[in-house]
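2 protein chains.
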Amino acid sequence: MPSLPPLHELPAWAALARHQGECAATTLAALFAADPDRGRRYRFEAAGLLVDLAKTHLTPATLGRLGDLARATGVEAWRDRMFAGEPINESEGRAVLHVALRDRSGRSYRVDGEEVGPRIDAALAQMATLVDEVHGCKRRGAGGRPFENVLHLGIGGSELGPALLVEALAAHHTGGLGLHFVANVDGHALAPRLAALDPATTLVLVASKTFSTEETRKNAETAAAWLRHGGGTVERQMVAITARPDAARAFGLAPDNILPLWDWVGGRTSLWSAVGLPIALAVGTANFRALLAGAARLDEHFRTAPFEFNVPMLLGLLEVWYTDFWGAGAHAVVPYDERLRRLPAYLQQLEMESNGKAARRDGSPVGVATAPIVFGEPGTNGQHAFFQLLHQSERLIPVDVLLVARPDHDLPGHHDALLANGLAQTQALAFGQSDAVTHQALTAAGRSAEDIARLLPQRRFPGNRPATTILLDRLDPASLGALLALYEHKVFVAGAVWGLNSYDQWGVELGKVLARRLAPAFEGDTPPPDLDSSTAGLLAELLARR
Amino acid sequence: MPSLPPLHELPAWAALARHQGECAATTLAALFAADPDRGRRYRFEAAGLLVDLAKTHLTPATLGRLGDLARATGVEAWRDRMFAGEPINESEGRAVLHVALRDRSGRSYRVDGEEVGPRIDAALAQMATLVDEVHGCKRRGAGGRPFENVLHLGIGGSELGPALLVEALAAHHTGGLGLHFVANVDGHALAPRLAALDPATTLVLVASKTFSTEETRKNAETAAAWLRHGGGTVERQMVAITARPDAARAFGLAPDNILPLWDWVGGRTSLWSAVGLPIALAVGTANFRALLAGAARLDEHFRTAPFEFNVPMLLGLLEVWYTDFWGAGAHAVVPYDERLRRLPAYLQQLEMESNGKAARRDGSPVGVATAPIVFGEPGTNGQHAFFQLLHQSERLIPVDVLLVARPDHDLPGHHDALLANGLAQTQALAFGQSDAVTHQALTAAGRSAEDIARLLPQRRFPGNRPATTILLDRLDPASLGALLALYEHKVFVAGAVWGLNSYDQWGVELGKVLARRLAPAFEGDTPPPDLDSSTAGLLAELLARR
Numbered sequence: 277m278p279s280l281p282p283l284h285e286l287p288a289w290a291a292l293a294r295h296q297g298e299c300a301a302t303t304l305a306a307l308f309a310a311d312p313d314r315g316r317r318y319r320f321e322a323a324g325l326l327v328d329l330a331k332t333h334l335t336p337a338t339l340g341r342l343g344d345l346a347r348a349t350g351v352e353a354w355r356d357r358m359f360a361g362e363p364i365n366e367s368e369g370r371a372v373l374h375v376a377l378r379d380r381s382g383r384s385y386r387v388d389g390e391e392v393g394p395r396i397d398a399a400l401a402q403m404a405t406l407v408d409e410v411h412g413c414k415r416r417g418a419g420g421r422p423f424e425n426v427l428h429l430g431i432g433g434s435e436l437g438p439a440l441l442v443e444a445l446a447a448h449h450t451g452g453l454g455l456h457f458v459a460n461v462d463g464h465a466l467a468p469r470l471a472a473l474d475p476a477t478t479l480v481l482v483a484s485k486t487f488s489t490e491e492t493r494k495n496a497e498t499a500a501a502w503l504r505h506g507g508g509t510v511e512r513q514m515v516a517i518t519a520r521p522d523a524a525r526a527f528g529l530a531p532d533n534i535l536p537l538w539d540w541v542g543g544r545t546s547l548w549s550a551v552g553l554p555i556a557l558a559v560g561t562a563n564f565r566a567l568l569a570g571a572a573r574l575d576e577h578f579r580t581a582p583f584e585f586n587v588p589m590l591l592g593l594l595e596v597w598y599t600d601f602w603g604a605g606a607h608a609v610v611p612y613d614e615r616l617r618r619l620p621a622y623l624q625q626l627e628m629e630s631n632g633k634a635a636r637r638d639g640s641p642v643g644v645a646t647a648p649i650v651f652g653e654p655g656t657n658g659q660h661a662f663f664q665l666l667h668q669s670e671r672l673i674p675v676d677v678l679l680v681a682r683p684d685h686d687l688p689g690h691h692d693a694l695l696a697n698g699l700a701q702t703q704a705l706a707f708g709q710s711d712a713v714t715h716q717a718l719t720a721a722g723r724s725a726e727d728i729a730r731l732l733p734q735r736r737f738p739g740n741r742p743a744t745t746i747l748l749d750r751l752d753p754a755s756l757g758a759l760l761a762l763y764e765h766k767v768f769v770a771g772a773v774w775g776l777n778s779y780d781q782w783g784v785e786l787g788k789v790l791a792r793r794l795a796p797a798f799e800g801d802t803p804p805p806d807l808d809s810s811t812a813g814l815l816a817e818l819l820a821r822r
Numbered sequence: 277m278p279s280l281p282p283l284h285e286l287p288a289w290a291a292l293a294r295h296q297g298e299c300a301a302t303t304l305a306a307l308f309a310a311d312p313d314r315g316r317r318y319r320f321e322a323a324g325l326l327v328d329l330a331k332t333h334l335t336p337a338t339l340g341r342l343g344d345l346a347r348a349t350g351v352e353a354w355r356d357r358m359f360a361g362e363p364i365n366e367s368e369g370r371a372v373l374h375v376a377l378r379d380r381s382g383r384s385y386r387v388d389g390e391e392v393g394p395r396i397d398a399a400l401a402q403m404a405t406l407v408d409e410v411h412g413c414k415r416r417g418a419g420g421r422p423f424e425n426v427l428h429l430g431i432g433g434s435e436l437g438p439a440l441l442v443e444a445l446a447a448h449h450t451g452g453l454g455l456h457f458v459a460n461v462d463g464h465a466l467a468p469r470l471a472a473l474d475p476a477t478t479l480v481l482v483a484s485k486t487f488s489t490e491e492t493r494k495n496a497e498t499a500a501a502w503l504r505h506g507g508g509t510v511e512r513q514m515v516a517i518t519a520r521p522d523a524a525r526a527f528g529l530a531p532d533n534i535l536p537l538w539d540w541v542g543g544r545t546s547l548w549s550a551v552g553l554p555i556a557l558a559v560g561t562a563n564f565r566a567l568l569a570g571a572a573r574l575d576e577h578f579r580t581a582p583f584e585f586n587v588p589m590l591l592g593l594l595e596v597w598y599t600d601f602w603g604a605g606a607h608a609v610v611p612y613d614e615r616l617r618r619l620p621a622y623l624q625q626l627e628m629e630s631n632g633k634a635a636r637r638d639g640s641p642v643g644v645a646t647a648p649i650v651f652g653e654p655g656t657n658g659q660h661a662f663f664q665l666l667h668q669s670e671r672l673i674p675v676d677v678l679l680v681a682r683p684d685h686d687l688p689g690h691h692d693a694l695l696a697n698g699l700a701q702t703q704a705l706a707f708g709q710s711d712a713v714t715h716q717a718l719t720a721a722g723r724s725a726e727d728i729a730r731l732l733p734q735r736r737f738p739g740n741r742p743a744t745t746i747l748l749d750r751l752d753p754a755s756l757g758a759l760l761a762l763y764e765h766k767v768f769v770a771g772a773v774w775g776l777n778s779y780d781q782w783g784v785e786l787g788k789v790l791a792r793r794l795a796p797a798f799e800g801d802t803p804p805p806d807l808d809s810s811t812a813g814l815l816a817e818l819l820a821r822r
């Protein structure tokens, strides 16, 4: 039965609503002017990441009230329940223990009274053996030829994290394998990959918790036929990561080639499990362990740092602050590093699938806006695309700017230009440009008073737009582990304030059911009799055009 | 001086605001139930594209009122002014004539009294010659070796459109060249490309209207050094597309290798000009001309179709309808075709840079929400990421679903599954699932009444969420030309209603200025003295870590 009080009725919520009125009357520029030490005061460190919140509307008063909200909604208690292995994914009755996957300190994690550590260790050992055997050419493809490529099949959480990390860690690849990812059931994704790869020297990974995810299953079937047709075998060349080893064996996989998953690891946080096998194959086991260690360091920070310095806590509360009190409906993620190209897509899933919900864990309506729309492209590219809107529309959109201090290339001048651009954008967003400066420029260009009246508003930069800057020393396994764990916990914190179960995803179910109902019509069956006239018409058009 | 009346004060605007209250009281399901012919009634055709608007909240009454708004804001008159070559990009005093680039019917287009047709013909002929010479190995790289790869350098409009089309038209590639794009100043974008390519057999294209875009200029300098170091030459192996041939010549380019751009072609619509050279090199001149022809067909539709059947008109007005009257702050674009992977990024620029503005063309504030946040990933991938939010959060987010009837691969079963999913998502969004069905499922699963009270809201699919379905027969040059022109004109229509100049982008200027001011500090100079404490602190951290 519903039991959570409406958020609007919490005194902490009402206090923040009142407080926002005061905050809206000032500007970031004024906050900086009032406190010469603001930059240092709101620059934080967590697991080697440097996080600058000075260009957000954070003040001691705001921080105090956000702390009240966190306490009123029990965020720390929910965090502790997560680390304790309690079934906080209540709608599915599951624990949420991705933190256990990366904590190799010996700390105890239990699910239903059972230690999970030994299982994790065994899976890691199985991964390490597999990686060593492939890298060392002890495990080979058809005709005894060494593996040259890995084709990873998986979708959603089984693809976004591994694909992001394999690309981001390009400078750390070892073993010389080519890594390829196919998620979509669209044959235009798989066909060109199969055409470019040699079935004799390709290792195929299939990541699916149920081993029945339709896209992955279909791609696995086509890849299996391709292996066989090319003289290879499923038994030697296909590896599954799944919680259903029986289904994988029925598909023809060798028992040794089945790595485990558990119901206490959600898809969105599965890259730390054996789903991360493509990462380990790309960068080696030592680097994969460094990735886990980086995330574990951030977990420890989240678990133990005092509220005022707890970076994921602050980021999660800022998300609520901007979403519900400033009306921000979107959040831009702009990594100033081309290798983090897929970070926005990864975070889209993490934020929008975790917290894109309207019902709370007790079934009551959340009644306020939840997950923002997450979007982004790498800087500087985004500057030539959607930044126009960030600077000049009336929408307030918080921006995350990610900067990497040390590059992994030696082209002169490029990195300095990149970093100067990233920093400059945070300045432009926060402080804008005064109308006096714009007026001067227009006057200097000889424009008439009438022109200036028309053009000045079009060239106006109001500023006062928040940015969070995250600085990484290098793009290496440890810093990336910490970065992704930071975002995971941020999403957890915001979800806890909203009272959501961030770990289920019921909203993906109906589309699957309806797709299964429509599918036979494409194979010549009579369409379902109750189709609406739009769907029926489109179906007829599609069938007529084949 | 400001002269446009506030939008709120237009009778047509006020009528729509009242009308929305009535519309919000009904549902898409009710609209379908009331009109068995709804599917056919709101299925439109434009230049070979089939566009289904039946699953939006469009009714005859709404259409009438949107028509009133279009008339009140002079949308058709602005369209006619665009086609007439008037300087509708008023803040820069420029005509906007990308439509002339694709209309090879002999129709007259004039800028300042001068026919632009002959210039366009000459540029197309120069492109065709270059493509023929490269494909026919009459033009060769260093040591007389044929070109094998093309490296295109350009950012924003000089990259997004060409990169999208080269990938989307993979089935139409001819000539055997590898096409590569680098936009970002980040050396992590360029360095791996240079490492993978042979400077002797690579043709480098540099697309920059001013030839001084900082990212492109930096990449061109590095690429030029790479060519020379590898025994190649800028003179033979670099081609520029620019409105500043003098600057390109000063860079060392041969006059024959400089293709023109004009100030009446904006960056966002430049792929139809010589900026489309990488497309022509990938697919050949005939296919490039088919692309132009597809767009021209859509232009003709936009110019002449009656309002009620004018698809870009309807899409533009729907954007205003959902943005300003239904509070939609975002728009999802989900192409069910992996080859359209980059369409969302392309449309982000087109929509958010064109209409992400708060000041109207006369300098007055627009006073209402303008461009939505555009985001998306290919279907089915998006279903496993952000669709949770589309289905179950309280945000209303219109979705464009793109379906391609005939695939260009022969993997059995994949395409049927893909199309069934795309169609099913539009059903799920529009109609959701009744609580009775969910209740039945939970009861059948043996859940208690208490559990059901808690779980049913979490599994609720309210539906009544709008989707536009765009059906393409095949992904070929003509259909893609029509598709992109459709979106261009949609953005134009929405911008005209809002009173914006959709063709400037003042919001990108300040960041450039500030980046130039910060850059010397990275080379050891003293930082600017007036830096805020956040930027100063981050700069110090970055410098300390190098």
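Quick mapping for you: the protein sequence lines, in order, are chains V and E. Numbering-wise, this note's numbering comes out as the position in the first sequence, counting from 1, plus 276. Numbering-wise, this note's numbering comes out as the position in the second sequence, counting from 1, plus 276. Just so it is clear, CB atoms sit at the ideal spot from N, CA and C, and this is done for glycine as well. Remember, it's a predicted structure, so these values are computed and weren't measured experimentally.
Requested in this report: Excluding the 5 residues preceding and the 5 following Leu-807 (chain V) in the sequence, name in chain order all residues of the same chain whose CB lies nearer than 8 Å to its CB.
Outcome: Closer than 8 Å at the Cβ level, and outside the excluded window around Leu-807 (chain V), lie Leu-815.
Report task. Examine chain E for any beta-carbon lying closer than 9 Å to the beta-carbon of Ala-782 (chain V), and answer yes or no. Result -> Strictly speaking, residue 782 (chain V) in this sequence is Trp, with Ala absent from that position. The beta carbon of Trp-782 (chain V) sits closer than 9 Å to some beta carbon of chain E.
Query raised in the report: Applying a beta-carbon distance threshold of less than 7 Å, which residues of chain E neighbour Glu-799 (chain V)?
Result: From the beta-carbon of Glu-799 (chain V), the residues of chain E found nearer than 7 Å are Asp-692.
Query raised in the report: Any C-beta of chain E sitting closer than 9 Å to the C-beta of Met-277 (chain V)?
Result: Here Met-277 (chain V) scores only 49 on pLDDT, less than 50, and its place in the model should not be relied on; the value that follows carries that caveat. Among the CB atoms of chain E, one or more fall inside 9 Å of the CB of Met-277 (chain V).
**Report entry** Chain-ordered chain E contacts of Ile-534 (chain V) [CB-CB under 8 Å]
**Finding:** Those within 8 Å of Ile-534 (chain V) in chain E number zero; the least Cβ separation is about 22 Å.
Query raised in the report: What is the DSSP secondary structure of Asp-600 (chain V), reduced to helix, strand or coil?
Result: When secondary structure is reduced to three states using DSSP, Asp-600 (chain V) falls in the helix class.
Report task. Between the Cα of Leu-699 (chain E) and those of V:Gln-716, V:Glu-817, V:His-715, V:Thr-714, spot the shortest distance and give me the residue it belongs to. Result -> For the residues V:Gln-716, V:Glu-817, V:His-715, V:Thr-714, the minimum Cα distance to Leu-699 (chain E) belongs to V:Glu-817.
Query raised in the report: Around the Cβ of Lys-414 (chain E), are there at least 16 other Cβ atoms within 10 angstroms (buried) or fewer (exposed)?
Result: By the Cβ-count criterion, Lys-414 (chain E) is exposed, with fewer than 16 other Cβ atoms from all chains shown falling within 10 Å of its own Cβ.
Query - Three-state secondary structure (DSSP) of Gly-454 (chain V) - result: If DSSP states are grouped into helix, strand and coil, Gly-454 (chain V) belongs with the strands.
Query raised in the report: Excluding the five sequence neighbours on either side, which residues of its own chain have a C-beta within less than 7 Å of the C-beta of Val-650 (chain E), listed in chain order?
Result: These residues qualify, in order along the chain: His-607, Val-609, Pro-620, Leu-623, Gln-624, Glu-627, Met-628.
Report task. Would you grab the beta carbon distance between Ala-385 (chain E) and Gly-361 (chain E) for me? Rounded to a whole angstrom, and I think it's under 8 Å. Result -> A quick correction: the sequence has Tyr, not Ala, at residue 385 (chain E). About 6 Å separates the two Cβ atoms, so the contact holds.
Query raised in the report: Mind checking if Lys-243 (chain E) is an interface residue toward chain V, Cβ cutoff 9 Å exclusive?
Result: Within the shown structure, residues of chain E are numbered from 277 to 822, placing residue 243 (chain E) beyond reach of any answer.
Requested in this report: Kindly indicate if chain V contains any beta-carbon less than 9 Å away from that of Ser-640 (chain E).
Outcome: Ser-640 (chain E) counts as touching chain V.
Report task. State the Cα-Cα distance for the pair Ile-525 (chain E) and Asp-780 (chain E), rounded to the nearest angstrom. Result -> Before going on, a small fix: residue 525 (chain E) reads as Arg here, not Ile. Computed Cα separation, rounded: 28 Å.
Query raised in the report: Among E:Ala-720, E:Pro-733, E:Leu-547, which has the Cα closest to the Cα of Ala-634 (chain V)?
Result: Taking only the C-alpha atoms, the option nearest Ala-634 (chain V) is E:Pro-733.
Query raised in the report: Do the region 761 to 779 of chain E and the region 582 to 593 of chain E meet, that is, are 3 or more Cβ pairs less than 8 Å apart?
Result: Put simply, the region 761 to 779 of chain E touches the region 582 to 593 of chain E. At least three CB pairs are less than 8 Å apart.
Report task. Excluding the 5 residues preceding and the 5 following Arg-316 (chain E) in the sequence, name in chain order all residues of the same chain whose CB lies nearer than 6 Å to its CB. Result -> So no residue of the chain qualifies.
**Report entry** Interface residues of chain V facing Ile-431 (chain E) [CB-CB closer than 8 Å]
**Finding:** Residues of chain V passing the Cβ test: Thr-656, Asn-657, His-660.
Query - For Pro-688 (chain E), the nearest candidate out of V:Ala-754, V:Glu-390, V:Leu-466, V:Ala-291 (CA to CA) - result: For Pro-688 (chain E), the nearest C-alpha among the options comes from V:Leu-466.
**Report entry** Local Cβ density within 10 Å of Val-789 (chain V), reported as buried at 16 or more and exposed below that
**Finding:** By the beta-carbon neighbour count (other beta carbons within 10 angstroms, threshold 16), Val-789 (chain V) is exposed.
Report task. Would you check if the region 707 to 720 of chain E and the region 637 to 651 of chain E touch, i.e. whether three or more CB-CB distances between them fall below 8 Å? Result -> No, because fewer than three Cβ pairs between the region 637 to 651 of chain E and the region 707 to 720 of chain E fall closer than 8 Å, the two stretches do not touch.
Report task. Identify whether Val-642 (chain V) lies in helix, strand or coil by the three-state DSSP scheme. Result -> Coil.
Query - Beta-carbon proximity list for Arg-544 (chain V), same chain, < 7 Å, skipping 5 on both sides - result: Sequence-distant partners of Arg-544 (chain V) (beyond 5 residues in either direction) whose C-beta falls short of 7 Å from its own C-beta, in its chain, are Gly-433, Gln-625, Leu-626, Glu-629, Ser-630.
Query - Own chain partners of Met-277 (chain V) with C-beta closer than 7 Å, once the 5 adjacent residues on each side are dropped - result: Residue confidence is low: Met-277 (chain V) scores 49 on pLDDT, short of 50, so the model does not pin down where it sits. No coordinate-derived value is stated.
Query raised in the report: Per DSSP, what kind of secondary structure is Glu-491 (chain V) in: helix, strand or coil?
Result: Here Glu-491 (chain V) carries a helix assignment [DSSP, helix/strand/coil].
Query raised in the report: Can you tell me where the alpha helix (DSSP H) with Asn-563 (chain V) in it begins and where it stops?
Result: 553 to 580 is the extent of the alpha helix (DSSP H) around Asn-563 (chain V).
Report task. Would you kindly work out how many angstroms separate the C-alpha atoms of Asp-311 (chain E) and Ser-810 (chain V), rounded to a whole number? Result -> Going from the Cα of Asp-311 (chain E) to the Cα of Ser-810 (chain V) covers about 11 Å.
Report task. Show which residues of chain V have a CB atom less than 7 Å away from the CB atom of Thr-646 (chain E). Result -> For Thr-646 (chain E), the C-beta contacts it makes with chain V under 7 Å involve Ser-669, in order along the chain.
Requested in this report: Would you kindly report the start and end of the unbroken alpha helix (DSSP H) that includes Thr-811 (chain E)?
Outcome: Note, Thr-811 (chain E): alpha helix (DSSP H), 809 to 820.
Query raised in the report: Looking only at C-alpha atoms, which of E:Leu-427, E:Glu-490, E:Glu-435 sits nearest to Pro-475 (chain E)?
Result: Just measuring C-alpha positions, the residue of E:Leu-427, E:Glu-490, E:Glu-435 sitting nearest Pro-475 (chain E) is E:Leu-427.
Query raised in the report: Smallest Cα separation from Val-392 (chain V): which of V:Asp-379, V:Leu-568, V:Gly-658?
Result: Each of V:Asp-379, V:Leu-568, V:Gly-658 was checked against the Cα of Val-392 (chain V), and the nearest Cα belongs to V:Asp-379.
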